[in-house]
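*Asks:* Got a structure for you, written out below as structure tokens; questions coming shortly.
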Amino acid sequence: MIIRTIDSATITMNDTAPCPKIFSIEHGSNTSITNICLSKIMNITTTGSSSLVFNESLTCTTAIDIVASGTTQVTNICADNTLNITGTDLSTVNVRTSSQCPNNTIIVGSNGTQIFNVGATSTLNIQVTDSATVTLAESCLCSQNTFITSSSTIPISGICAHNTLQLLASDSSALFVNTAVVCPQTINVIASDSTLIPNLCATASLNIQAANTANVSINQTSSCPLNTNIISSTLIPISNICAQNTLQLTGNVNSNLTVDSTAICPQNTTVIASNATLISNICAISRLIIQAQSMANVSINHTWPCPQDTTVVSSSSVPINYICAQHTLQLTATGLSNLIVNSSMICPQTTNATALDTTIIPNLCASSQLTMQAANSASVSINNTWACPQSTTITSSSTIPIPNICANNTLKLTGSNSSYLTVDSTTVCPQNTSVVGSQRAVILNLCGTMQLTIQASDTANISINQTWPCPKYASISSSSSIPIANICAQNTLQLTSSGTSNLTVNSTVVCPQTTTVIASGNTSILNLCASSQLTIQAANTANISMNHTWPCPQFVNIISSSTIPILDICAQRTLTLTDSGSSGFGIDSSVMCPQTATIIASGTTPILNLCATLQLTIQAGSTANVAINHTWPCPQSVTISSSSNISILNICAQNTSTLTGSRSSSLMVDSSVICPQSTTVKASDTTLIPNLCASSQLTIQAANTANVSINHTWPCPQSVNINSSSTIPILNICANSTLTLTGSDSSILMANSSVICPQNTTVTASGTSLTSNLCASSQLTIQAANTASISINHTWPCPQSTTIISSSTILISDISAQKTLKLTSSGSSILNVDSTVICPQNTSVVASGTSMITNICATMQLTIQAIDMANVSINQTSPCPTYVSVNSSSNLSISGICAYNELQMYVHQTSGLIINSSIVCPDMTYVVASEQAYITNLCANVELDVEVYDLAIVQPNTSWLCPQKTVVTATNVNNTLSFCALNSMFINVINSTFVYNSTQPCPINITITASNGSNVFNVCSSLNTNIYAKNSTVLTDEFGCSSVVNVTATNLAVVYVCATSAIYAVASFNATIYYKGPLASNSSIDGSEIIPWV
């Protein structure tokens, strides 16, 4: 049903008719509508001066939504589920008092509207402004949740809720909570202006925000909520504040919050106070947090035990007293704040304090960790009646002293500005102490049983309590002008000093195992010592002194460019010194000599009294002055590299000596008593290194005008290796096993082979160098170039093997070998073999250019290669070799060639080979001759192989018997060849002529191949003759007929044959065969003929 009225319309309801389910009324008439039934859902809008009267005998609607304005009146409304009322102007809405309360009610009232008897069982939501009036029905029980927002001047009374009560009040509103019935679980209050909200309580959470002059009060008869959060800037005090678990208070302006901590103390309390706020009687069991600013006044109820953890941050000028904590105390103070710690009964495990400006924090203590930061004029004091903390860390730039500082385990102090830190080390000394001091800071009475670390700069004043035993480890770095005394350590001492600092070590009782020092500027570090390792770096004018009353350290390493000498240096095992500038080291080697000493010196540095038992290493530059204490036995090994113009004397070694000299250095070896096993020398410029010797290995490199001399009073070394380009001769060179010499430029190497000759000698010579008196018992190897001069001492037996490669224009004579001789000559070199006494087993010669190799010989094998105009001569007085191989294209002939077993000859161009076959003829001879070359006196006992080409001439020695086998191959030869054989002969001629030597007996078998216009005459055999002729002429000796002849002629060939048993002839292509003897078979084709020889 929908009803709309305007003006003076009159509506009469039938109270006996059924009520519609949905009823909508828009009533704008100035008349009344009565007996309105309550439908299930109703929407009502009234305006003007209308009146609506509901039938109170009927049941309530389920949901009703009423909007009333003007002076309208609505009476007897009710709803079971939802009631929504919006009233404005002077409207009046009356809820039936006899009905049950709806589940949910929403009231919005403004202007002078009046809404009576509202309530809800579940949620009640009220919003009122201006002078709207809302009354709560006394017949309704408290709703579960109530939300009220009021700026109306008309109070609302009887407010309550079971679960959540939310109140937002402003202007001059007044909200009266009925806490006599029930105390809600949660209350959220926001009150401002001159609002009044009394009698608040909550069981779980109480949240209040109060501003201006809002008056909010808490019902003190109710139990404390679990959690309370109050933010107040109101001028009206809030008292009876309490909480069981968490209390959070924020006060500013002139607020006043009074905690009721007489009966209960919350677990956690957080307070933020600013301006002139007063927050009193706070406490906490677990955690207390306070932030105070300006003139905020916060007081602590000290009748309760101290919280587990307390954090206070204050810049308020009002002191905070009775601060304490059981576990952790954190304090931050700035401005004029004053934080008074109550440490009379309990001391927290951990305390962290930060103090700035003119703050005061007295009576600090901690059982485990104490951390303090103080700046400006902050005053921080420590309660010394408690035992020292395990760890203490203090950073101070405050001008107010901090006394009574102590720690059991770790102490860390940082002082700057004009801070003054006094350590109480009368009864306890921390294990580890670390200190940083700068500017005008004063830090006194330091100590540490394990580790002491100090950094000091500017004019920081740091003192050490010497009554305690020295720490295990001490590390001090200072650039402060104030001295630090009584420094000591048992295990490790590290000192770094710069500027004008002064560090004085107390080494009267204890000496650390390891000491490390870095000093620069005008610093002073005195009384150093170490039992194991001493390391020093010194620069500028740093002054370092040693306490020489202690035994020498095992290891010492010093690097210095300071102008102040360092004296009393010594080491048992290893000494390493590096110096530059004009400082200097004073080594105390009067009692102790280190096993190993390593020196690097430059500038004008003096380093005196050096010694070492195992290894001495020296690098000297510029005008460094290095002196060796020769009263000690020589070291096992010595390595010296010097470019200093100051001599180094008394150099000696037992095992190994390595010397490098350059510029005008002078290394004076003392080999009067001992000679090292191995000596290696490298000398250049005008260096002087005299008196060298070695028992095993001597190695020398000399350049420029370096002067190196050998002490010849000692036995020769096993091995010697010398490489020299110096113009200064090196004399008395000798070796037992191996001698290796390399000479270049104008160097002179004089071998002393008067007494001993090395097993192996290797020489490389170039330039105008001179290498003389060479010899070797096993292997002699020479390479000579340019105008290098090599001389061999021929008074010794010949070497087993000799290898010479020479392109030098200077003669090398007296060459010999017992087993193997290898000679290679080029250019215009001359190699003169001394074969008067002994002839080597094997000789190999390679000659080129205009070089000359004379008097060669061999007993086993002789190999010759000659080209260009090389001149090679053979000593014909020596027995012939077993095997000879000659390959020559030289324009000069080689004569006196002979061999017992085998002779191989390869001759080309115009070269000639003259065989000495007057006494011996080889078993096997192989010849290849070409161009205009010639070979004479050829012979062989078993086999002769001859290959001839071009204009080459090969002549046999007919005084010897024919070989068993002869093979002749001739190609384009213009000269007539004539050879013979006893058993077999093979003739292969191409455009060549061969005539069998008819004075010699015929071979048993002969095979002839002739082609390209060749001529073969007077051939014969006793058994078989095989002929293949092509365009050639072959004439057999009719008086030396074979038993059997096989002949094939072709291409105009003409062949004359005879046989005693049978002739087998084949002719073709106009060839003619003349035969004498029985013709066993014949075949002639293509105009050829086979006719009798008559």
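Residues in the sequence shown are numbered consecutively from 1, following the numbering used here. For glycine and all other residues, C-beta sits at the position ideal for the given N, C-alpha and C. The model shown is predicted, which means the values in this text are computed figures rather than measured ones.
1) Go ahead and label Val-591 buried or exposed: buried means 16 or more other beta carbons lie within 10 angstroms of its beta carbon, across all protein chains shown.
2) Evaluate Met-372 with the Cβ neighbour count: other Cβ atoms within 10 Å of its Cβ, from every protein chain shown; 16 or more gives buried, anything less gives exposed.
3) CB-CB under 7 Å to Val-318, same chain, minus the five flanking residues each way: which ones, in chain order?
4) Judging by CA-CA distance, which residue of Ala-378, Gly-743, Gly-448 and Ser-637 is the nearest neighbour of Tyr-420?
5) Within the same chain, show all residues whose beta-carbon is closer than 6 Å to that of Thr-969, passing over the 5 residues directly before and after it, in chain order.
6) What is the rounded straight-line gap between the Cα of Asn-736 and the Cα of Ala-776?
7) Using three-state DSSP, classify Leu-257 as helix, strand or coil.
8) Hey, out of Gln-293, Ala-366, Gln-909 and Thr-359, whose CA is closest to His-327's CA?
9) So the candidates are Asn-1024, Ser-835, Ala-952 and Ala-243; which of them puts its Cα closest to the Cα of Thr-820?
10) Confirm, please, whether the CB-CB distance from Val-1057 to Tyr-1028 is below 9 Å.
11) Quick one, are the C-beta atoms of Thr-433 and Ala-407 less than 9 Å apart?
12) Does the separation of the CB atoms of Gln-209 and Val-189 fall below 9 Å?
13) Using three-state DSSP, classify His-908 as helix, strand or coil.
14) At which residues does the beta strand (DSSP E) containing Ala-620 begin and terminate?
15) When you measure from the CB of Cys-939 to every non-hydrogen atom of the ligand MN, does any distance come out below 8 Å?
16) Spatial neighbours of Glu-56 within its chain, please: CB distance less than 8 Å, with the 5 preceding and 5 following residues excluded, ordered by chain position.
17) Can the beta-carbon of Lys-1030 be found less than 9 Å from the beta-carbon of Asn-1046?
18) Can you tell me where the beta strand (DSSP E) holding Val-967 begins and where it ends?
19) Taking the beta carbon of Arg-4 as the centre, do at least 16 other beta carbons fall within 10 Å, making it buried, or is it exposed?
20) Measuring straight from C-alpha to C-alpha, what distance separates Ala-866 and Lys-965?
21) Which ranges would you report for the beta strand (DSSP E) in the stretch 803-887 if only whole runs of at least 3 residues count?
22) Closest to Leu-823 by CA distance: which of Thr-803, Ile-810, Ser-829 and Ala-817 is it?
23) To test your reading of the DSSP string, which unbroken beta strand (DSSP E) runs of 3 or more residues are found completely within the stretch 361-426?
24) Return helix, strand or coil for Tyr-926, following the three-state DSSP convention.
25) Taking the C-alpha atoms as reference points, what is the distance between Thr-516 and Thr-492?
26) From Leu-495 to Thr-453, what does the alpha carbon distance come to, in whole angstroms?
27) Taking the alpha-carbon of Asn-522 as reference, which of Asn-543, Val-505, Val-510 and Leu-503 has the nearest alpha-carbon?
28) Take the Cβ of Thr-410 as the centre, count every other Cβ of all protein chains shown within 10 Å, and call the residue buried at 16 or more, exposed below.
29) Assign Ser-657 to one of two classes, buried (16 or more other C-beta atoms within 10 Å of its C-beta) or exposed (fewer than that).
30) Could you work out which residue in Leu-770, Leu-731 and Ser-643 is closest to Ser-753 when comparing CA atoms only?
31) Taking 9 Å as the threshold (C-beta atoms), are Gly-499 and Ala-460 in contact?
32) With distances taken from CA atoms, which of Thr-59, Leu-534 and Pro-715 is nearest Thr-100?
33) With a Cβ-Cβ cutoff of 9 Å, do Thr-221 and Thr-234 count as a contact?
34) Quick one: what does DSSP say Asp-1096 is sitting in, helix, strand or coil?
35) Counting C-beta neighbours from all protein chains within 10 Å, is the total for Lys-21 16 or more, i.e. buried, or is it exposed?
36) According to DSSP, Val-1016 sits in a beta bridge with which residue or residues?
*Replies:* If we stick to the structure as given:
1) exposed
2) buried
3) Met-295, Ala-296 and Asn-297
4) Ala-378
5) For Thr-969, the CB contacts under 6 Å within the same chain, skipping 5 residues up- and downstream, are Glu-947 and Asn-988 in chain order.
6) Their backbone Cα atoms lie some 9 Å apart in a straight line.
7) strand
8) Cα-wise, what sits closest to His-327 is Ala-366.
9) Ser-835
10) no
11) yes
12) yes
13) Note: His-908 maps to coil in three-state DSSP.
14) Note, Ala-620: beta strand (DSSP E), 615-620.
15) This structure lacks the ligand MN; in fact it carries no ligand of any kind.
16) Asn-76, Arg-96 and Ser-98
17) no
18) Segment 965-971, the beta strand (DSSP E) holding Val-967.
19) Looking at its Cβ environment, which holds fewer than 16 other Cβ atoms inside 10 Å, Arg-4 is exposed.
20) The alpha-carbon atoms of Ala-866 and Lys-965 are separated by roughly 29 Å.
21) 812-815, 820-825, 830-833, 842-847, 852-856, 861-866 and 871-874
22) Thr-803
23) 369-374, 379-382, 391-396, 402-405, 410-415 and 420-423
24) strand
25) Straight across, the Cα-Cα distance linking Thr-516 with Thr-492 is about 8 Å.
26) Answer to the nearest angstrom: the Cα atoms are 10 Å apart.
27) Asn-543
28) Looking at its Cβ environment, which holds 16 or more other Cβ atoms inside 10 Å, Thr-410 is buried.
29) That one is buried.
30) Leu-731
31) no
32) The amino acid occupying residue 100 in the given sequence is Gln; Thr does not appear at that position. Nearest of Thr-59, Leu-534 and Pro-715 to Gln-100, Cα basis: Thr-59.
33) no
34) Nothing in the structure corresponds to residue 1096, since the chain is present only between 1 and 1094.
35) exposed
36) Phe-994 and Val-1034
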